[in-house]
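A quick write-up on the structure given underneath.
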Amino acid sequence: SSGINAEWPLRPGETVRLMISMFDKDGNGTINFQEFGALWKYINDWQNTFRFYDRDNSGSIDQNELQTAIASFGFSLSAKFYNLIMLKFDRDGSRRVCFDDFIQCCVIIQTLSAAFQRKDTNRNGWIQINYEEFMELVFSTKI
-11 SSGINAEWPL RPGETVRLMI SMFDKDGNGT INFQEFGALW KYINDWQNTF RFYDRDNSGS
49 IDQNELQTAI ASFGFSLSAK FYNLIMLKFD RDGSRRVCFD DFIQCCVIIQ TLSAAFQRKD
109 TNRNGWIQIN YEEFMELVFS TKI
């Protein structure tokens, strides 16, 4: 079965919560019609991206497809990191990532990278922070 549902492409859960929080501009835990319209466009954009990188049209992304997608977004990550991503987002042990987990993975990478870049004042890929600063960085990041 395809990992993409034509009507509502996301399974209920963490990804939906993450995306609603991204579009909930007033922070009340809900989205209005205008916010929903923006969210729907966002989901459709992700759906097109997912389909583009799902080279074998299986309805899920394997590690090579995921690595190609993430690298095309401008992130240079190690094979060890991609293995870690697969451990986190491969929910059923198939060595594949479904659509909503693909969105969640990409959004988390983008969000944490942006938080890191705010601290990387020299733009050299290195930051020096203590434990509490690290915890503040992670917990203040909207993911």
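The numbering of the sequence shown is our numbering, which starts it at -11 and goes up by one. Glycine included, C-beta positions come from ideal geometry on N, C-alpha and C. All values derive from a computational prediction rather than experimental measurement.
Item	Value
Residues bridged to I19 [DSSP beta-bridge criterion]	I19 pairs with nothing; no bridge assigned.
Which residues DSSP lists as bridging R84, in chain order	D50
Neighbourhood of C93 by C-beta, 7 Å cutoff - its chain only, sequence neighbours within 5 removed	I73, F77, V85
Nearest neighbour of N36, chosen from R111, Y70, I91 [CA to CA]	I91
Three-state class that DSSP yields for F63 in the structure shown	coil
Pick from M7, D50, F127, R106 that is closest to D80, judged by C-alpha positions	D50
Cβ-Cβ separation, L6 to I131 (assumed contact under 8 Å), whole Å	7 Å
Cα-Cα separation between A103 and R43, rounded to whole angstroms	31 Å
Top-ranked residue by Cα proximity to F63, from V95, E124, F40	V95
Inter-residue CB distance, F11 and E23 (contact presumed, cutoff 8 Å)	5 Å
Other residues of its chain near E2: CB distance less than 7 Å, five sequence neighbours each side excluded	Q92
T37 in three-state terms, based on DSSP	helix
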